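Numbering (the UniProt record's numbering), first residue to last: 1 to 263. One structure below.
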Amino acid sequence: MNDTVTAPNHLPSSPLPVTRLRDLLVADVPASRLVIACDTIGGIGPRPDDSYPADPVWCAHLGARVPLLEVMCAGARPLVLVNTLCQDWESAQPMIEEFRRCAAAVGIDPTAVTGSTEDNVATTQTGIGVTVIGVMPEGELPRAHDGDVLVCVGTPVSAPDDDVAPGRREIVPLAEVRDLVASGKVHDCVPVGSHGVAWEAAQLASTAGLRAEFRDVEVDLARSGGPSTCLELACDRGDVEELHGVVAPHRPWEVIGRLASGS
Numbered sequence: 001m002n003d004t005v006t007a008p009n010h011l012p013s014s015p016l017p018v019t020r021l022r023d024l025l026v027a028d029v030p031a032s033r034l035v036i037a038c039d040t041i042g043g044i045g046p047r048p049d050d051s052y053p054a055d056p057v058w059c060a061h062l063g064a065r066v067p068l069l070e071v072m073c074a075g076a077r078p079l080v081l082v083n084t085l086c087q088d089w090e091s092a093q094p095m096i097e098e099f100r101r102c103a104a105a106v107g108i109d110p111t112a113v114t115g116s117t118e119d120n121v122a123t124t125q126t127g128i129g130v131t132v133i134g135v136m137p138e139g140e141l142p143r144a145h146d147g148d149v150l151v152c153v154g155t156p157v158s159a160p161d162d163d164v165a166p167g168r169r170e171i172v173p174l175a176e177v178r179d180l181v182a183s184g185k186v187h188d189c190v191p192v193g194s195h196g197v198a199w200e201a202a203q204l205a206s207t208a209g210l211r212a213e214f215r216d217v218e219v220d221l222a223r224s225g226g227p228s229t230c231l232e233l234a235c236d237r238g239d240v241e242e243l244h245g246v247v248a249p250h251r252p253w254e255v256i257g258r259l260a261s262g263s
């Protein structure tokens with residue numbers, strides 16, 4: 001008898017049909033549940049009145065990263081990426097290309113990236129909005145198990161205290177998150193944002209009616225993860241080594257605790 005249990009957030013691999021009708025995207029999602037996440041960036045970029053100077057392509061990457069991770073960590077397959085940019089079409093092109101690269105990294109068809117720019121009036125600040133729509137099979141939502149270990153993948157870093165730049169080993173890439181979730185061995189996971197690792201662990205535990213117990217670790221559990229620079233996952237202790245092999249060898253990876261029942 002086969003006792004193997006597949007985690008509920010195993011991502012389906014079959015392509016999802018999306019067609020374009022003028023300015024609309026039309027998706028056929030029978031017997032599926034929609035999962036929607038969004039994020040914004042304002043006043044950060046290369047434009048004259050931005051409060052914090054930053055590379056526009058990296059801004060686009062971070063704007064797409066947060067909702068993409070939220071959708072994938074929920075066990076859904078990203079289907080559509082919508083970007084809304086508060087600047088003219090020509091100057092927005094490098095950002096739009098980055099949105100397409102981010103989409104491709106998680107399996108979104110390039111034709112399923114759509115958006116809008118501001119071409120009626122002049123603007124002097126960067127303003128980015130990104131919405132990601134995903135689908136997941138109907139049924140049970142991802143949920144951690146009693147006795148699961150908690151693993152932090154990557155390291156929480158956040159501007160302006162840290163240089164949140166492309167290529168940092170501390171920042172877990174979109175494709176690695178996709179592969180971790182698609183393994184079927186991750187029971188639940190969450191991207192770590194401004195509240196920090198410990199706060200996100202409590203949220204993950206609460207969803208399953210459990211509590212998080214931490215061990216002495218090098219990771220700063222209270223430090224902001226900024227634009228979801230790291231990931232926290234729950235899995236069987238016996239699957240930790242195999243999952244570790246999914247990410248790059250130089251990526252920070254640390255077991256930070258476990259989940260348990262009771263008060």
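Even glycine gets a Cβ: it sits at the ideal position worked out from N, Cα and C. As the structure is a computational prediction, the values presented were derived from the model and not from experiment.
* Whole angstroms is fine: what's the gap from A234's alpha carbon to L204's? => Distance between A234 and L204, taken at the CA atoms: about 8 Å.
* **Burial state of N83 (16 or more Cβ within 10 Å)** => buried
* Pull up the CB-CB distance for V172 and V106, whole angstroms please, since I reckon it's below 8 Å. => About 13 Å; that fails the 8 Å criterion.
* Starting from the C-beta of A212, find all residues in its chain whose C-beta is less than 7 Å away, skip the five residues before and the five after it, and write them out in chain order. => L150, A201, A202, A205, G257 and L259
* Asked: My guess is that L79 and V130 are in contact by the Cβ rule of under 8 Å, so how many angstroms apart are they, rounded?
  -> With a Cβ gap of about 14 Å, L79 and V130 do not count as contacting.
* Under the three-state reduction of DSSP, which class applies to E97: helix, strand or coil? -> Looking at E97 - three-state DSSP - the assignment turns out to be helix.
* Asked: Quick one: complete beta strand (DSSP E) runs, 3+ long, within the stretch 21 to 91?
  -> 24 to 27, 32 to 42 and 77 to 85
* Whose C-beta lies closer than 7 Å to the C-beta of T111 among residues of the same chain, with five residues either side of it excluded? -> V18 and R20
* Look at the Cβ atom of E232, then the Cβ atom of V197, and state whether they are nearer than 8 Å. => yes
* To do: Could you tell me whether the Cβ atoms of C38 and L68 are closer together than 8 Å?
  => no
* Quick one: what does DSSP say W253 is sitting in, helix, strand or coil? -> Strand, per DSSP.
* Given 8 Å as the limit, is there contact between the stretch 85 to 102 and the stretch 181 to 191, that is, 3 or more CB pairs closer than that? -> no
* To do: Using the DSSP secondary-structure output, state which residues sit across from L259 in a beta bridge.
  => A212
* **Backbone CA spacing between T155 and R251 [nearest angstrom]** => 9 Å
* Using CA coordinates, which residue listed in P142, A165 and A208 is at the minimum distance from C73? -> P142
* To do: From the DSSP output, in three-state form, read off G184 for me.
  => coil
* Nearest to residue 267 by CA position, among L243, D148 and L62, is which residue? -> This structure cannot settle anything about residue 267, because the visible part of the chain is limited to 1 through 263.
* Under the three-state DSSP convention, the category L141 falls into -> Residue state, collapsed to three classes: coil.
* DSSP state of V106, grouped into three classes? -> coil
* Asked: If we ignore side chains and look at the alpha-carbon of each, how far apart do D216 and T126 end up?
  -> 41 Å
* For V66 versus G134, is the C-beta distance shorter than 8 Å? -> no
* Quick one: residues in its chain with C-beta nearer than 7 Å to the C-beta of M1, no 5 flanking neighbours on either side, listed in chain order? => At M1 the pLDDT is 35, less than 50, meaning the model places this residue with poor confidence; the figure from the coordinates comes in the next sentence. Counting only Cβ-Cβ distances below 7 Å, and skipping sequence neighbours, we find nothing.
* Apart from the five residues on each side of it in sequence, which residues of its chain come closer than 6 Å, Cβ to Cβ, to V113? -> In its chain, beyond the 5 residues on either side, L81, F99, R100 and A103 have a beta carbon closer than 6 Å to the beta carbon of V113.
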